[in-house]
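I have placed the structure first, in the form of structure tokens, so that the comments after it can refer back to it.
Number of protein chains: 2
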Amino acid sequence: MTFTVNAENKSFGGWHKQLTHQSSSTQCQMQLAIYLPPEASEQNKVPVLYWLSGLTCTDENFMQKAGAQKLAAELGIAIVCPDTSPRGEDVADDDNYDLGQGAGFYVNATEQPWAKHYQMYDYLVEELPTLIEQSFPVTDQRALAGHSMGGHGALVIGLRNPTRYTSLSAFSPIANPVDCPWGQKAFSSYLGDDTSKWRQYDASELMTDCQQPLPTRVDQGLADNFLVEQLKPEALERAAKKSDYPLQLHRHEGYDHSYYFIASFIEQHLRFHAEHLKR
Amino acid sequence: MTFTVNAENKSFGGWHKQLTHQSSSTQCQMQLAIYLPPEASEQNKVPVLYWLSGLTCTDENFMQKAGAQKLAAELGIAIVCPDTSPRGEDVADDDNYDLGQGAGFYVNATEQPWAKHYQMYDYLVEELPTLIEQSFPVTDQRALAGHSMGGHGALVIGLRNPTRYTSLSAFSPIANPVDCPWGQKAFSSYLGDDTSKWRQYDASELMTDCQQPLPTRVDQGLADNFLVEQLKPEALERAAKKSDYPLQLHRHEGYDHSYYFIASFIEQHLRFHAEHLKR
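One line per chain: the protein sequences are A and B, in this order. Following numbering that gives the first Met the number 0 from start to finish, the first sequence increments by one per residue and tops out at 278. Following numbering that gives the first Met the number 0 from start to finish, the second sequence increments by one per residue and tops out at 278.
See below:
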């Protein structure tokens, strides 16, 4: 088996498993988690929702805090939560929370000291789904979702690989990273100063020219401290208008950037993906 | 206002609030959390489920990991999660996780150096509900639940104060602490060597002689690493048999001691309490 199972917990009749494996993309041990609903078996493979987490998170935050397992069990959907960056003593890092380990931004870094290990885009687009589909009773029907930095990752990866996913969703995504401090800091470090290279990792830029749209849902809390400076859902909205992209953007009075917001609306995201995964 | 609100997050249309206040029982600042369902108002006060957490926990574990808010919002029940001990630089502590801060065992300590601050029993039975009912739109209809050390606390406090609660429940409680290592260590430290004083804090001992039973539900995972040495639900079962106590004890194949277990069955506990809180 490709994966080492470090822990497993029964959950709503299915199983949460925390896994590690050696990644050829990131050239280090990667940790992740999978939730398998009760019905998953070799005779009854289930589709997968990949969840990309935000800054400072690991595979654990979503599995422990989103309250997604109950509905995933009911709907018969597996969930895979990768880590947010490569990790380890040999992996380049930064003292700040928004760069380096825990802050991979789901890109393929081209600059030093990041380029060797920070290849999260390749890891997520190709390597991880292949390994998951070889190792667990799941189909190649994939949905993609995420929060904040992970919302950015989900939208970018989905927009660039529309044949690989049935549907996309994001909570509070960094929707226009080329135009906000988090994105500018990460992209200048990982991708260098040539801002023309940043465009391929910006959901609003990609959506502006999108030719092959996917069903896409975004939820944003209006009491989110990062809304104005970092998240900019209005840029995504403008892009969708330009390309006539079927973006469902929902704004919610009073909700913030925390997992309390995600938990409150994760059922809607799971039902949204279930509809498209079943097509 | 008695409480300082340190943080608040909208959750399922209601509000999670993290609070601090100066406690007269424990003579220190206590942190806690409350979840208020959307319908709670001065014109429509709601009943309260008090949740007591396990070793090493704070007010945060249950609120973040149990996934209880969705159903609490639907059923119109507030949830209060106190901390598991007094805390602070002036508060006695121990290097081990199972004694001192984070491990108050919900007793009134009589021994040094614990007696000054470790008065969690009085804090929970009298002080905290009084303050909560003065400060928030809640009634004096109370249910009591907990996990592990908190399951012990919930059963003991409920059994000793049957007029103050409508119903009790526990996940994986330390059911017979006088007869397990965790309980013996805590009780000898907090209550001294006279084991006759321990009895009043042992759910199985109290249930054996119980004259005024409350509706009580206990859930226990059979893959729980602590089951045999520390938890001993069979002692509670024997006690219930002796006193003809209406204990509902549910054992679950494959589930462990984690919040993945709690999340899987919290709906059943909330519905159980809702039935009795509405009487």
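Ideal Cβ placement from N, Cα and C applies to all residues, glycine included. Please read these numbers as outputs of a predicted model, since none were measured by experiment.
Cβ-based burial, residue i [other Cβ within 10 Å; buried from 16]
i	result
Y164 (chain B)	buried
D94 (chain B)	exposed
T129 (chain A)	exposed
K277 (chain A)	exposed
G103 (chain B)	buried
L154 (chain B)	buried
G150 (chain B)	buried
H249 (chain B)	exposed
S22 (chain B)	buried
V4 (chain B)	exposed
G152 (chain B)	buried
A6 (chain A)	exposed
L221 (chain B)	exposed
S171 (chain B)	buried
D208 (chain B)	exposed
K241 (chain A)	exposed
C-beta neighbour in chain B for residue i, strict 7 Å
i	result
Q63 (chain A)	yes
S323 (chain A)	Residue 323 (chain A) falls outside the range modelled here, since chain A spans only 0 to 278, and no answer is possible.
Y34 (chain A)	no
S171 (chain A)	no
R278 (chain A)	Interpretation of R278 (chain A) is limited by its pLDDT of 47, a score under 50 that renders its predicted location unreliable; the figure taken from the coordinates is listed afterwards. By this cut-off, R278 (chain A) is not an interface position.
A49 (chain A)	Rather than Ala, the amino acid found at residue 49 (chain A) in this sequence is Tyr. Judged by the 7 Å Cβ criterion, Y49 (chain A) is not in contact with chain B.
Y117 (chain A)	no
Coil, strand or helix - residue i by DSSP
i	result
K69 (chain B)	helix
P46 (chain B)	strand
Q111 (chain A)	coil
E236 (chain A)	helix
K16 (chain A)	strand
Q100 (chain B)	coil
I261 (chain A)	helix
P128 (chain A)	helix
L213 (chain B)	coil
K277 (chain B)	coil
V4 (chain B)	strand
K231 (chain B)	coil
N156 (chain A)	Reading the sequence as shown, one finds Ile at residue 156 (chain A) and not Asn. Note: I156 (chain A) maps to helix in three-state DSSP.
A202 (chain B)	helix
S134 (chain A)	helix
A32 (chain B)	strand
G220 (chain A)	strand
V79 (chain B)	strand
K9 (chain B)	strand
A39 (chain B)	coil
Q21 (chain B)	strand
D92 (chain B)	coil
Supposed close pair residue i, residue j - CB separation, criterion 8 Å
i	j	result
Y258 (chain B)	Q17 (chain A)	The pair is not a contact, with the Cβ atoms about 14 Å apart (cut-off 8 Å).
G253 (chain B)	K9 (chain A)	4 Å
L123 (chain B)	I156 (chain B)	6 Å
C56 (chain A)	H116 (chain A)	About 18 Å; that fails the 8 Å criterion.
L226 (chain A)	G145 (chain A)	Contact flag wrong, Cβ pair sits at about 17 Å.
A71 (chain B)	Y34 (chain B)	6 Å
R159 (chain A)	V177 (chain A)	Not quite, the Cβ-Cβ distance comes to about 15 Å (not below 8 Å), so this is no contact.
Sub-7 Å separation of residue i and residue j beta-carbons
i	j	result
P46 (chain B)	T138 (chain B)	yes
P85 (chain B)	L31 (chain B)	no
T1 (chain B)	S147 (chain B)	no
A174 (chain A)	A202 (chain A)	yes
D92 (chain B)	G99 (chain B)	yes
W181 (chain A)	D255 (chain A)	no
Q247 (chain A)	R270 (chain A)	no
S263 (chain A)	P214 (chain A)	no
A142 (chain A)	H15 (chain A)	no
G75 (chain A)	E38 (chain A)	yes
V106 (chain A)	Y189 (chain A)	yes
Short CB-CB distance (under 7 Å) between residue i and chain A
i	result
G253 (chain B)	yes
H268 (chain B)	no
S52 (chain B)	no
Y122 (chain B)	no
H15 (chain B)	yes
S263 (chain B)	yes
S147 (chain B)	no
G66 (chain B)	yes
S257 (chain B)	yes
L226 (chain B)	no
Under 8 Å from the C-beta of residue i: neighbouring residues of chain C
i	result
S166 (chain A)	No chain C is present in this structure, whose protein chains are A and B.
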